[in-house]
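Undergrad: Heads up, the sequence shown is in the working numbering, so the first residue is 9 and it goes up one at a time. The structure's right below; bear with me while I get my questions together.
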Amino acid sequence: MKRFAPLAAVLLLLVASPAVRAEDAQPFVTNKDIDLTMILPPPPANDSAETKAELGEVLTLQVTRTPEMEKRAIADAKEDVWRFADVMGPKFNKETLPKFSAFFDRVVATEGAVVDPAKDIWKRPRPHQLSDLVKPVVKLSNSGSWPSGHATVGTMMGIILSNMVPEKRAEIMARAAEYAHNRVVGGIHYPSDIEMGKISGSVIAAVLLSRPDFKAEYEVARSELRSDLGM
9 MKRFAPLAAV LLLLVASPAV RAEDAQPFVT NKDIDLTMIL PPPPANDSAE
59 TKAELGEVLT LQVTRTPEME KRAIADAKED VWRFADVMGP KFNKETLPKF
109 SAFFDRVVAT EGAVVDPAKD IWKRPRPHQL SDLVKPVVKL SNSGSWPSGH
159 ATVGTMMGII LSNMVPEKRA EIMARAAEYA HNRVVGGIHY PSDIEMGKIS
209 GSVIAAVLLS RPDFKAEYEV ARSELRSDLG M
């Protein structure tokens, strides 16, 4: 009589294994593949006229931002693709899109793997680190400010998502721009950090879209998304 118990046990373990956590997602590329210090200019000096002018912009927003603007800036502090739900519609949710979700977890991980090493080299202080007058409404961060990681990942997500759903390209990219700008609204970044983040996100997205390994997972995620949205 054949014994199937070992095989059954293996299958049970596979079924019972927990899903890969977002924080454990592997990046598609790292700073070894894309060195932002070879692409972006260095940040302006702390005592430069540009930095002083930008501090003025942050402080102006601080006294003119509305409670609704603050609320959206706080919500947008989260780095995930589900912040695009307000333009994608009610069917756009993590529960019904597991492959799509896992794919974008890797996109988010890629941003950190490329941007964080560059931040560590440039070490531009955040606005609140240069002026006690700046009172961020989002969680404080003492990592380098140049370029903005949120602007980078927001741009990456916007480009990739709008390629999956070109019917909503204008709305998606407008949302990506708001997502990035909300780091200035929140008081945690300078406007030029955001511009550098947009450049970084565009460069990283272009590299990813040319890679066979990325394109294979992209097609699976795109298919699942469009099917779920009825497209």
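Glycine is no exception: its CB is placed at the ideal position from the N, C-alpha and C atoms. Since we're looking at a predicted model, the values are computed, not measured.
#1: Quick check on DSSP: helix, strand or coil for T163?
#2: Give the single residue among R134, Q70 and I82 whose Cα lies nearest to the Cα of Y198.
#3: So, for E225: in the same chain, excluding its five sequence neighbours on each side, which residues have a beta-carbon less than 6 angstroms away from its beta-carbon?
#4: Using 8 angstroms as the threshold, is the C-beta distance between D201 and S170 below it?
#5: Using 8 angstroms as the Cβ pair cut-off and three pairs as the minimum, do the region 75-91 and the region 186-193 touch?
#6: Going by C-alpha to C-alpha distance, which of L148, E227 and H136 sits closest to E1?
#7: Quick one: is R177 near chain B, going by C-beta distance under 8 angstroms?
#8: Determine contact between the region 123-130 and the region 37-56, defined as no fewer than three beta-carbon pairs at a distance below 8 angstroms.
#9: Out of M96, A178 and A85, which has the shortest C-alpha to C-alpha gap to L237?
#10: Please go through the same chain and pick out, in chain order, the residues whose beta-carbon is closer than 6 angstroms to the beta-carbon of S151, but skip the five residues on each side of it.
#11: Quick check on the burial criterion: 16 or more other C-beta atoms within 10 angstroms. Buried or exposed for M172?
#12: What's the C-alpha gap between P144 and L138?
#13: Among L67, L105 and M239, which residue has its Cα nearest to the Cα of K176?
#14: Among the residues of its own chain, which have a CB less than 7 angstroms from the CB of F108, if the five just before and after it don't count?
#15: Between V71, F100, S156 and P50, which lies nearest to E87 when the distance is taken from Cα to Cα?
TA: Taking the geometry as given:
#1: As a first step, residue 163 must be located in the sequence shown, where it is residue number 155. For T163, the three-state secondary structure derived from DSSP is helix.
#2: Taking the sequence shown and counting its residues from 1, one reaches residue 198 at position 190. Of R134, Q70 and I82, the residue nearest in Cα terms is R134.
#3: Your numbering for residue 225 matches position 217 in the sequence shown. F111.
#4: As a first step, residue 201 must be located in the sequence shown, where it is residue number 193. As a first step, residue 170 must be located in the sequence shown, where it is residue number 162. D201 places its beta carbon 8 angstroms or farther from that of S170.
#5: The region 75-91, when compared against the region 186-193, does touch it at the 8 angstroms Cβ threshold.
#6: Because the chain here runs from 9 to 239, residue 1 falls outside it and cannot be looked at.
#7: In the structure shown, chain B cannot be found, because there is only a single protein chain.
#8: By the criterion of at least three beta-carbon pairs nearer than 8 angstroms, the region 123-130 is in contact with the region 37-56.
#9: Here residue 237 corresponds to residue number 229 of the sequence shown, with the count starting at 1. Ranked by how close their Cα comes to the Cα of L237, the residues M96, A178 and A85 have M96 in first place.
#10: For the purposes of this step, residue 151 is taken as the residue at position 143 of the sequence shown. Take S151, set aside five residues on each side of it, and the residues of its chain with a beta-carbon closer than 6 angstroms to its own are K127, in chain order.
#11: The sequence position of residue 172 within the sequence shown is 164, counting from 1. Buried is the call here.
#12: Here the question's residue 144 lines up with position 136 in the sequence shown. Here the question's residue 138 lines up with position 130 in the sequence shown. Each residue's Cα considered, the two are about 13 angstroms apart.
#13: The residue labelled residue 176 in the question sits at position 168 within the sequence shown. Per the Cα distances, M239.
#14: Mapped onto the sequence shown, residue 108 falls at position 100. Within the same chain, F108 has close Cβ partners A229, E232 and L233.
#15: Looking up residue 87 in the sequence shown gives position 79. Of the candidates V71, F100, S156 and P50, the one whose C-alpha sits nearest the C-alpha of E87 is S156.
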